[in-house]
Amino acid sequence: MVAAGLVAIGSGPAGVSAAETFRARHRSIPVRILSSDPALPYAKPPLSKQFLCGRPADLDLHSEGWFERNRIELLRGVTVQRIDVDAQEVVTAGGARYPYWHLVIASGAAPVPPAVPGGPNAQPLRSFADAVALKMAARHAGTAVVIGAGLIGCEAAGCLAALGVATTLVAPEPVPLLRRFGVDVGERVVKMLFDAGVRFVGSADVTAVVESGVVLAGGENVDGDVVVAATGVRPDVRLAAEAGLTIRAGRIVVDEQMRTSARNIYAAGDVTLAYNVAAGRQVVSEHWRDAALQGRVAGLTAAGVPAQWDTASGFSCTIGTSRLAYRGWGGPYERCRVVDQRDGFVATYHDGRGIVGRLVATTSPVS
Ligand SMILES: Cc1cc2nc3c(=O)[nH]c(=O)nc-3n(C[C@H](O)[C@H](O)[C@H](O)COP(=O)(O)OP(=O)(O)OC[C@H]3O[C@@H](n4cnc5c(N)ncnc54)[C@H](O)[C@@H]3O)c2cc1C
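Residue numbering for the sequence shown follows my numbering, beginning at 5 and increasing consecutively.
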């Protein structure tokens, strides 16, 4: 049996940041990351901004040597099957047991395929392996269909078009990014997509994924040698739920220090419903920076250092030569005010009490 210490489940930003932060405070306690992902930890945002488009992308979070030097044991391609809360151990799919004093669940979220016949055949874009597979498929494709006009769908469509693939983005909403940013912004995003070479088909339900592309509710076929599913993700709470931790709205409930309902177990990243001190409420975030920050808070809390999650969310989205940069709480708003500018626009989101988010869009001139 190996020595107990801090165990992080997942090698995304939350798990790596928790391990790194804890290690910086305690030099000799064993620190382990167990991850089902076989790749060296990597940055996901560049996958759909640079890597898929064939542009130079800085993906590595840390080198293999960095993990060795910092004595963080990184077990790649290892899936945790269950958490034995009483014994304070995690059990892998291969039956190995790793004891913990502190456990950080950072299992992230898994893509949800379109719930239609053939849906599971659409290619996801969640991991490095997915991005490589998609890039390879695009090399041999003349046409592509991307299902889902959220952030990833818009970025992926822009990349595929940049690779010279005739790309159609299909979504049930009338405009892209509707739920997040509203109609006025969505209409401007349609123009960004058009300028990036993407055809947008809104108010269209995909009823099947077939060999030649997709079939829409009206019976129309949209050609796609490649079909991409950008139909959302679901937090991976199975381990936590089976261990009896408190789950709400499909997420692990944590306080501002990332403590779950179980002793010595923390959670961080996309898998959480976490209390944000600045917002004064529980906040859902599925963003890179928040996952890393929550991981840091979990690592500090486990190390016995006071810490809390108290920053507003922020993320960006790249579509062709356009960039959307958002900062705010991402929740419901009552009013959106959009001001056009020479190279883009600024959208400000208000609720009854004040500004809850700000989106800045800029388009670079084509060089
Ligand atoms: C293509 C793409 C582009 C993105 N772009 C942006 C962006 O521009 N800005 C932004 O803010 N966010 C972006 N995101 C979202 C961002 O990457 C996520 O919010 C972030 O990765 C969440 O981090 P996490 O550590 O919580 O989970 P993840 O990064 O999902 O990592 C979860 C880890 O847990 C592992 N795991 C799961 N279950 C188990 C198990 N049972 N046993 C062992 N390991 C397990 C997985 O293999 C994985 O390593 C993007 C995401 C993608 C896919």
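Heads up, the beta-carbon is just placed ideally off N, CA and C, and yes, glycines get one too.
Open item on the list: Tell me whether Asp-259, by its Cβ, gets closer than 7 Å to a heavy atom of ligand 1.
Closed with: Here residue 259 refers to the residue found at position 255 of the sequence shown. No.
- [ ] Select from Val-213, Gly-299, Thr-367, Ala-282 the residue whose C-alpha is nearest the C-alpha of Ile-13.
- [x] Taking the sequence shown and counting its residues from 1, one reaches residue 13 at position 9. Per the Cα distances, Gly-299.
Task: Residue interval of the alpha helix (DSSP H) (run including Ile-33) - done: Locating residue 33 in the sequence shown gives position 29, counting from the first residue. Counting along the chain, Ile-33 falls outside any alpha helix (DSSP H), and DSSP gives it neither H nor E.
Open item on the list: Within 8 Å, do at least three Cβ pairs link the segment 79-96 to the segment 271-289?
Closed with: no
TODO: Confirm the yes/no value for this check: CB of Arg-130, any heavy atom of ligand 3, distance under 7 Å.
DONE: Only ligand 1 can be found as ligands here, which leaves ligand 3 out of the picture.
Open item on the list: Tell me the residue span of the alpha helix (DSSP H) that contains Val-136.
Closed with: On the sequence shown, position 132 is the one that residue 136 refers to. That run of the alpha helix (DSSP H) goes 132-143.
- [ ] Go ahead and pull the three-state DSSP assignment for Phe-26.
- [x] Reading the sequence shown from its first residue, position 22 is the one you call residue 26. Three-state DSSP puts Phe-26 in a helix.
TODO: Check each candidate in Ala-296, Val-95, Thr-315 and name the one with the smallest Cα separation from Leu-243.
DONE: The sequence position of residue 243 within the sequence shown is 239, counting from 1. It is Val-95.
- [ ] Just grab the DSSP bridge partners of Ser-216 for me.
- [x] Locating residue 216 in the sequence shown gives position 212, where the first residue counts as 1. Paired residue(s): none; Ser-216 is not in a bridge.
- [ ] Kindly indicate the opening and closing residues of the beta strand (DSSP E) around Cys-340.
- [x] Walking along the sequence shown from the start, residue 340 turns up at place 336. Unbroken beta strand (DSSP E) run through Cys-340: 339-345.
TODO: Could you tell me how far apart the beta carbons of Cys-163 and Leu-297 are, in whole angstroms, since I believe they sit closer than 8 Å?
DONE: Sequence index remark: in the sequence shown, residue 163 carries index 159 (1-based). Sequence index remark: in the sequence shown, residue 297 carries index 293 (1-based). Not quite, the Cβ-Cβ distance comes to about 27 Å (not below 8 Å), so this is no contact.
Task: Bridge partner(s) assigned by DSSP for Ile-156 - done: Taking the sequence shown and counting its residues from 1, the one referred to as residue 156 is at position 152. In DSSP, Ile-156 forms no bridge with anything.
Task: contact_flag[the segment 17-34, the segment 306-313] where n(CB pairs < 8 Å) is 3 or more - done: yes
Open item on the list: Across the segment 168-177 and the segment 199-209, are there enough close Cβ pairs to call them in contact, namely three or more that are closer than 8 Å?
Closed with: yes
Open item on the list: Nearer than 7 Å: is that true of the beta carbon of Lys-139 relative to any heavy atom of ligand 1?
Closed with: Position 135 of the sequence shown, counted from the first residue, corresponds to residue 139. Result no, Cβ not under 7 Å from ligand 1.
TODO: Give me whichever residues DSSP pairs with Glu-224 in a beta bridge.
DONE: Counted from its first residue, the sequence shown places residue 224 at position 220. Looking at the DSSP assignment, Glu-224 forms no beta bridge with any residue, so it has no partner.
Task: Gly-9 - partner residues in DSSP beta bridges - done: Position 5 of the sequence shown holds residue 9. DSSP output for Gly-9 lists Tyr-104 as bridge partner(s).
Task: Limits of the unbroken beta strand (DSSP E) element including Arg-242 - done: For this step, residue 242 is matched to residue 238 along the sequence shown. Where Arg-242 is concerned, there is no enclosing beta strand (DSSP E), although the alpha helix (DSSP H) it sits in stretches over 242-246.
Task: The alpha helix (DSSP H) enclosing Glu-68, as first and last residue numbers - done: Numbered from 1 along the sequence shown, position 64 holds the residue referred to as residue 68. From DSSP, the alpha helix (DSSP H) with Glu-68 extends over 68-73.
Open item on the list: Quick check on the burial criterion: 16 or more other C-beta atoms within 10 angstroms. Buried or exposed for Ser-32?
Closed with: Within the sequence shown, numbered from 1, the residue matching residue 32 stands at position 28. So Ser-32 counts as exposed.
- [ ] Name the two residues that bound the continuous alpha helix (DSSP H) containing Val-189.
- [x] Mapped onto the sequence shown, residue 189 falls at position 185. First-last of the alpha helix (DSSP H) with Val-189: 187-199.
- [ ] Using a threshold of 8 Å, state whether the C-beta atoms of Val-230 and Ala-141 are closer than that.
- [x] Position 226 of the sequence shown, counted from the start, is the residue given in the question as residue 230. Position 137 of the sequence shown, counted from the start, is the residue given in the question as residue 141. Yes, they are a contact pair.
TODO: May I have the straight-line CA-CA distance separating Val-210 from Ala-97, to the nearest angstrom?
DONE: As a first step, residue 210 is located in the sequence shown; it is residue number 206 there, counting from the start. As a first step, residue 97 is located in the sequence shown; it is residue number 93 there, counting from the start. Val-210 and Ala-97: Cα-Cα distance of roughly 36 Å.
Task: Where Thr-305 sits in the DSSP three-state scheme - done: For the purposes of this step, residue 305 is taken as residue 301 along the sequence shown, with counting starting at 1. Of the three classes helix, strand and coil, the one that applies to Thr-305 here is helix, per DSSP.
- [ ] Can you say whether Gly-152 is buried or exposed, counting buried as having 16 or more other CB atoms within 10 angstroms of its CB?
- [x] Looking up residue 152 in the sequence shown gives position 148. Gly-152 should be labelled buried.
- [ ] Compare the C-alpha of Ala-47 against each of Ser-15, Arg-29, Val-120, Ile-37 and name the closest.
- [x] On the sequence shown, residue 47 is found 43 positions in, with the first residue counted as 1. Out of Ser-15, Arg-29, Val-120, Ile-37, Ser-15 has the C-alpha closest to the C-alpha of Ala-47.
- [ ] State yes or no: is the C-beta of His-144 nearer than 7 Å to some heavy atom of ligand 1?
- [x] For this step, residue 144 is matched to residue 140 along the sequence shown. His-144: no, Cβ never under 7 Å from ligand 1.
- [ ] Could you tell me whether the Cβ atoms of Leu-44 and Ala-135 are closer together than 8 Å?
- [x] Looking up residue 44 in the sequence shown gives position 40. Looking up residue 135 in the sequence shown gives position 131. No, these two residues do not count as a Cβ contact at 8 Å.
Task: Classification of Phe-71 by the beta-carbon crowding that lies within 10 angstroms, buried from 16 upward - done: Residue numbering aside, residue 71 sits at position 67 when the sequence shown is read from its first letter. Answer is buried; the Cβ neighbour count reaches 16.
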